[in-house]
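Contents: one structure, followed by commentary.
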Amino acid sequence: MAQEVRERRVARRSADELEKLKVAGQIVGETLDLVRAQIAPGVTTLELDKLAEDHIRARGAVPSFKGYRGYPAATCIQIDDVVVHGIPDETALEVGQIVGVDLGAYCDGYHGDGAFTTVVGQSEKGQELLAVTRGALMIGLAEARAGNRLKQISQAVQEHVESRGYNVVRQLTGHGIGQKMHEPPQIPNFYSRGEFEDYELVLQPGMVLAIEPMVNAGTAQVQVDEEDGWTVRTADGELSAHFEHTVVITDSEPLVLTLAEGAKLLSDVPGYGQA
Ligand code: MF3
Ligand code: CO
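Under numbering that gives the first Met the number 0, residues 0 to 274 are what the sequence shown spells out, in order.
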């Protein structure tokens, strides 16, 4: 695809649109923090989902995920070997589990999307996996700058993860976001020349991206649950982690939208630089 055609497919948001995207992103950040504070042994994933949905609606927004291609909940909550798209249910969390929470908010015509992964209670399990995955998000975000090609994000994430002995999931990608939750471009967490046409996209101010590394302790291979059609698990049953932010490309650093305290430039995000 010609470069200019590729770039025309990806929206560049006006100042007015960016204000709305900031509100949606902040609601996502607030909701993620609320849920994070309630993660403890004995709490069910459905209870966490209800907490999230109530907050999103109290803020005048709608959960982006609910009803998306028939998805039944406001959040995706994934335990241990579940990579993404875990459906909340009556399962109670247990000490030492790795739990990921992913959610979106739709407000005034625009979406925000974010995720984190943490451990339940006091446990050393998965700590390195969590640090590597969060680090991969930060390293990828650092490449999300005007003038860079999209593949620089993909390459930076992959290098960070694989050099530490972990594997990136290849069957799922990050994405553009705005009036729809999933818009062009696709943002793979690995580079394989020619596999994605968006690799060569030149990033420009006003583009809004949801960057989301999914990292496995074992094989990169994943499989979708045949019964529910959603739950994505590692093929070998090993642990997986996932972090996501929605960001705006600017003239300098990316502006991170999915924070409870409101949008911040990347280097001002708490914990940046600890990768
Ligand atoms: N956060 C996911 C993503 O970025 C979306 C979850 S799929 C849904 O693609 F069906 F749950 F919405
Ligand atoms: Co996403």
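Every residue, glycine too, gets a C-beta built ideally from N, C-alpha and C.
Supposed close pair residue i, residue j - CB separation, criterion 8 Å
i: Leu275; j: Val100; result: In the structure as shown, the chain begins at 0 and stops at 274. Residue 275 is therefore absent and cannot be evaluated.
i: Arg144; j: Ile248; result: 7 Å
i: Ala135; j: Leu102; result: So it is not a contact: roughly 20 Å between Cβ atoms.
i: Asp197; j: Ile86; result: In fact, because the Cβ distance is near 29 Å, the residues do not count as touching under 8 Å.
i: Val214; j: Val160; result: 5 Å
i: Leu47; j: Leu140; result: No, Leu47 and Leu140 are not in contact; Cβ-Cβ is about 26 Å, not under 8 Å.
i: Ala240; j: Thr116; result: 4 Å
i: Val22; j: Cys106; result: 5 Å
i: Ala114; j: Phe242; result: 6 Å
i: Gly66; j: Tyr109; result: Rounded, the Cβ-Cβ distance is 17 Å, inconsistent with contact.
i: Ser63; j: Asp112; result: 7 Å
Helix, strand or coil at residue i according to DSSP, with G and I counted as helix
i: His84; result: coil
i: His181; result: coil
i: Leu47; result: helix
i: Val42; result: coil
i: Gln77; result: strand
i: Gln2; result: helix
i: Arg232; result: strand
i: Val27; result: helix
i: Val214; result: strand
i: Val61; result: strand
i: Val9; result: coil
i: Gln37; result: helix
Cβ shell of residue i (< 8 Å), same chain only, five flanking positions each side left out
i: Gln157; result: Val167, Asn188, Phe189, Tyr190
i: Val118; result: Gly95, Gln96, Ile97, Val98, Lys124, Gly125, Gln126, Leu129
i: Glu3; result: none
i: Pro40; result: Ala91, Leu92, Glu93, Val94, Val119, Gly120
i: Gly250; result: Note on residue identity: the sequence assigns Asp, not Gly, to residue 250. Excluding positions up to five away in sequence, the list reads Ala145, Pro204.
Contacting residues, own chain, Cβ-Cβ under 7 Å from residue i (five flanking each side not counted)
i: Ile138; result: Ala155, Val156, His159, Ala274
i: Arg133; result: Phe242
i: Ala60; result: Ala23, Ile26, Ala104, Tyr105, Cys106
Chain-order list of residues whose beta-carbon lies under 6 Å from that of residue i (same chain, five-residue window excluded)
i: His181; result: His174
i: Gln220; result: Ala234
i: Val268; result: Val255
i: Leu258; result: Gly28
i: Pro253; result: Leu140, Ala143, Val246, Leu265
i: Gly261; result: Gln25
i: Val231; result: Val82, Val83, His84, Val221, Val223
i: Lys263; result: Val255
i: Ile78; result: Gln96, Val98
For the stretch 168-212, which segments carrying the beta strand (DSSP E) assignment without a break, of at least 3 residues, lie completely within its bounds, in sequence order?
DSSP runs (the beta strand (DSSP E)) wholly in the stretch 168-212: 173-175, 182-186, 207-210.
Q) Residue ranges of each beta strand (DSSP E) run of no fewer than 3 residues wholly in the stretch 240-267, ordered along the chain? A) With a minimum length of 3 residues, the continuous beta strand (DSSP E) runs that stay inside the stretch 240-267 are 244-247.
query: Where are the alpha helix (DSSP H) runs, 4 residues long or more, that stay fully inside the stretch 81-158, in chain order?
result: As far as the stretch 81-158 is concerned, its whole alpha helix (DSSP H) runs of at least 4 residues are 126-141.
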